[in-house]
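Below is one structure, written out as structure tokens; the observations come after it.
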Amino acid sequence: GKDRHVMSYLQDFLFTPDRVRQPVKALSGGESNRLLLAKLFTQPANVLVLDEPTNDLDMETLELLEELLLDFDGTLLLVSHDRTFMDNVVTSMLAFEGEGRVREYVGGYTDWIRQGGKLPPAPWEGAARQQTEPTSEAVKKAAPAPAAEPTKKAVKLSYKLQRELDALPAEIERLEGDVETLEQEIGDPAFYQQEATAVTAKLQALEKVQQALEVAMERWMELEAMANGE
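Residue 2 is where the sequence shown starts when you use my numbering, and the numbers rise one by one after that.
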């Protein structure tokens with residue numbers, strides 16, 4: 002695949018430049034899950050097997066995982082209880098219908114239901130349920146649902162800010178190219194055979210470009226957040 006700077010790559014996994022520099026033990030649960038995904042997708046593979054991949058994922062990480070799997074060019078095999086996730090990702094399902102029968106259906110969970118698929122009844126369904134006295138659990142009142150947070154509205158950027166936002170991706174790409182070029186030069190075995198002043202100047206140039214890249218990425222994320230009402 003195409004070589005990319007680690008800062009740019011981790012940005013795809015929703016890491017801001019300041020979070021990239023944090024030690025792993027300081028990451029939140031969602032960030033730790035995204036870091037595992039980032040590591041997983043650096044490995045070349047044409048078959049991916051996942052067992053309940055949506056367990057303990059926050060919404061951002063779940064949406065990211067869906068995007069990554071949709072872009073995956075190989076074969077994906079997964080087991081999941083998340084019906085919406087299956088509808089969004091898979092192209093066919095293997096249904097275990099009992100008595101040793103396994104049948105393939107085109108589409109996700111909803112498509113399987115439309116084609117006549119049925120879940121086996123739970124053991125307790127249809128059983129007589131008699132209860133002479135209400136238990137303390139039965140008479141507990143449900144706690145009131147928390148008030149929904151007001152939906153944040155996207156903000157229309159000014160003409161100047163919108164032009165800045167539109168120009169930043171190309172600027173970031175240019176800076177990433179400069180970083181890659183400088184890193185290749187510095188990585189050359191003959192690099193340190195130059196005069197000390199030349200070596201120092203090149204190292205300082207790399208540091209300057211890296212700082213400019215970080216500033217550009219932070220500004221891009223700031224303007225994106227403003228435009229999306231975040």
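Backbone N, C-alpha and C define an ideal beta-carbon position, used for all residues, glycine too.
Less than 8 Å between the CB atoms is what I'm expecting for residue 158 and residue 227, so what's the real figure, rounded? 6 Å
If you reduce the DSSP assignment to three classes, tell me which class residue 25 lands in. helix
Using the C-alpha atoms, what's the distance from residue 9 back to residue 207? 16 Å
Which one of 190, 44, 49, 63 has the shortest CA to CA distance from residue 34? 63
Where residue 33 falls: helix, strand or coil (DSSP): helix
Grab me the residues of residue 84's own chain with a C-beta within less than 6 Å of its C-beta, minus the 5 sequence neighbours each way, in chain order. 110
Using only the heavy atoms of the ligand FAD, determine whether one of them is closer than 7 Å to the beta carbon of residue 229. Here there are no bound small molecules, and the ligand FAD is not part of this structure.
Using a Cβ-Cβ cut-off of 7 Å (strictly less than) and excluding sequence neighbours within five positions of residue 18, which residues of its own chain qualify? 8, 215, 218, 219
Tell me which residue opens and which closes the alpha helix (DSSP H) that residue 86 is part of. 84-90
Roughly how many angstroms separate the alpha carbons of residue 81 and residue 51, rounded to a whole number? 8 Å
Please name the residue in 177, 45, 79, 97 whose C-alpha comes closest to that of residue 12. 177
Close Cβ partners of residue 213 (< 8 Å) along its chain, the five nearest in sequence each way excluded: 176
Assuming residue 59 is part of the beta strand (DSSP E), what are its boundary residues? Careful: residue 59 lies outside any beta strand (DSSP E) and carries neither H nor E.
On a CA-only basis, which of 87, 90, 119 is nearest residue 97? Give me that one, please. 119
Does the distance from the CB of residue 14 to the CB of residue 39 come in under 8 Å? yes
From the DSSP output, which residues share a beta bridge with residue 94? 106
Considering residue 182, what are the terminal residues of the alpha helix (DSSP H) in which it resides? 160-188
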